[in-house]
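Down below is the structure, laid out as structure tokens.
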Amino acid sequence: MTRAFNFNAGPAAIPLEVLQQAQEQFVDYKGAGMSIMEMSHRSALYEQVNNEAQALLRELFGIPDHYHVLLLQGGASTQFAMVPLNLLASGQTGAYVMTGAWADKALKEAKLIGDTAIAATTEADQFMRVPSLSEIVIPDNAAYLHLTSNETIGGTQFNEFPDTGDIPLVADMSSDILSRPIDISKFGIIYAGAQKNLGPSGVTVVIIRDDLVKAGSKTIPSMFRYETHAKATSLYNTPPSFSVYMVSLVLQWIKSKGGVAQLEQYNRDKTKLIYDAIDQSGGFYRGCAQQQSRSVMNITFRIQSEELEKQFIKESEKEGFVGLKGHRDVGGLRASTYNAVPLESCQALAQFMTDFQKRNG
Ligand SMILES: Cc1ncc(COP(=O)(O)O)c(C=O)c1O
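In our numbering, the protein residues as written are 31 to 391.
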């Protein structure tokens, strides 16, 4: 079997070892005579999976005891609403750092619920950078400050995070969770859909500080309350059991690779190959994001003409590359190099880029 060079933006590559392990356990999970998908979520075997996924997240990401780890449904898009539903009270403001399409979607949901403010924006630079910390101005009555740690479409990423004091910092880490060590104690809430760095779609990880669980609105429907899920260790209703199981396997894989710090180095090595191919092309390729804001997860770049970009996609597909077309809103090219994308795929892409340039430069 030939595996594609998978640069999809999400759902994205899952480690081959994980897929093989899931295949082995698919029909008969640990001698139960059934698949994990066929099992009650109240069974001891599934409870183990649920507990292990949460425990591994805690261990690998260094999550302190006074945080809950929740495994929810609805994707990161539901978190765009759940954050303000729980935390944005009347008389308060939801403050947003605008770095592109995803921040904008989060802001739009908050506007449906309460007052909002833009704490910083890089729109004047077409969102091709993240703001410096000194550009971020938080209103006095802010309920929280929300930012997107990695902008999947634009290809920008925060390297440092603001110190927000008593105001909870909320981060959408959908496209860079567990790709590098983070000081969790700086954040009130971190959320991420699993389908980029953690496994398949269907489960959303929420890391939330205890006091924010308690402070959440009591008048919103149960399924939208963080407290509901925290009290039930994410087993309030039927969970996306197969996705949670897959996430637990991916987490075991991350542990076997030496943990998140090791992964960060691996990710940087992978990304460097492709950024070097861009920077050493004498202008044939042009990186979209400004240097200091470049993402280690989503590399966005262009070639002089759209025609050449189309040709690049066509030829790359013939060579076994998948997912190199930029997001439909911005065009151009994008390589997503999440945790599970092997170094070999990045080496192959860098080589392909150099060869393509030789043929067309
Ligand atoms: C940064 C970011 N936030 C939110 C989302 C939306 O996630 P979901 O599809 O899980 O709702 C995405 C999806 O690509 C994303 O990249």
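Just so you know, even glycine gets a beta-carbon here, dropped at the ideal spot from N, CA and C.
As assigned by DSSP and simplified to three states, the class of residue i
i: THR330; result: strand
i: GLN321; result: helix
i: GLU4; result: Shown here, the chain extends from 31 to 391; a query on residue 4 therefore has no answer.
i: ASP309; result: helix
i: ILE148; result: strand
i: ASP359; result: coil
i: VAL371; result: coil
i: PHE351; result: strand
i: TYR390; result: One point to set straight first is that residue 390 is Asn, not Tyr, in the sequence displayed. Of the three classes helix, strand and coil, the one that applies to ASN390 here is helix, per DSSP.
i: SER335; result: coil
Integer-rounded CB distance, given that residue j should sit under 8 angstroms from residue i
i: GLY124; j: ALA111; result: Actually they are not in contact, since the Cβ atoms of GLY124 and ALA111 sit about 11 angstroms apart, beyond 8 angstroms.
i: TYR221; j: MET203; result: 7 angstroms
i: ILE183; j: VAL360; result: 6 angstroms
Rounded straight-line distance, which links the Cα of residue j to that of residue i
i: GLN156; j: ALA201; result: 21 angstroms
i: TYR97; j: VAL235; result: 12 angstroms
i: ILE284; j: ASN180; result: 20 angstroms
i: ALA154; j: THR129; result: 10 angstroms
i: TYR368; j: PRO211; result: 15 angstroms
i: PRO114; j: PHE217; result: 16 angstroms
i: PHE386; j: PHE342; result: 7 angstroms
i: HIS357; j: SER205; result: 14 angstroms
i: PHE382; j: SER286; result: 30 angstroms
i: THR146; j: LYS138; result: 9 angstroms
i: ALA186; j: ALA106; result: Reading off the sequence shown, one finds Thr at residue 186, where the question assumed Ala. Taking the straight line from one Cα to the other gives about 18 angstroms.
i: LYS164; j: GLN51; result: The sequence shown places Ser at residue 164, rather than the Lys named in the question. SER164 and GLN51: Cα-Cα distance of roughly 47 angstroms.
i: ALA262; j: GLY312; result: 56 angstroms
i: VAL233; j: ARG389; result: 43 angstroms
i: GLY288; j: THR108; result: 32 angstroms
i: ALA83; j: ILE214; result: 18 angstroms
i: LEU242; j: ASN38; result: 34 angstroms
i: GLY246; j: ASN267; result: 19 angstroms
Residue environment, residue i, which counts as buried when at least 16 other CB atoms sit within 10 Å
i: GLN225; result: buried
i: VAL48; result: buried
i: LEU373; result: exposed
i: PRO198; result: buried
i: VAL57; result: exposed
i: PRO270; result: buried
With a floor of 4 residues, list each alpha helix (DSSP H) that falls wholly inside the segment 66-129, ordered by position along the chain.
-> Listed in chain order, they are 74-91 and 105-117.
In chain order, which beta strand (DSSP E) runs of at least 3 residues are fully inside the segment 152-178?
-> 172-178
Where in the segment 250-315 do unbroken runs of the alpha helix (DSSP H), each at least 4 residues long, occur, reported from the N-terminal end onward?
-> 256-261, 271-286 and 290-309, all fully within the segment 250-315.
Mind listing, in chain order, the continuous beta strand (DSSP E) runs of no fewer than 3 residues lying wholly within the segment 178-247?
-> 199-202, 219-223 and 234-239
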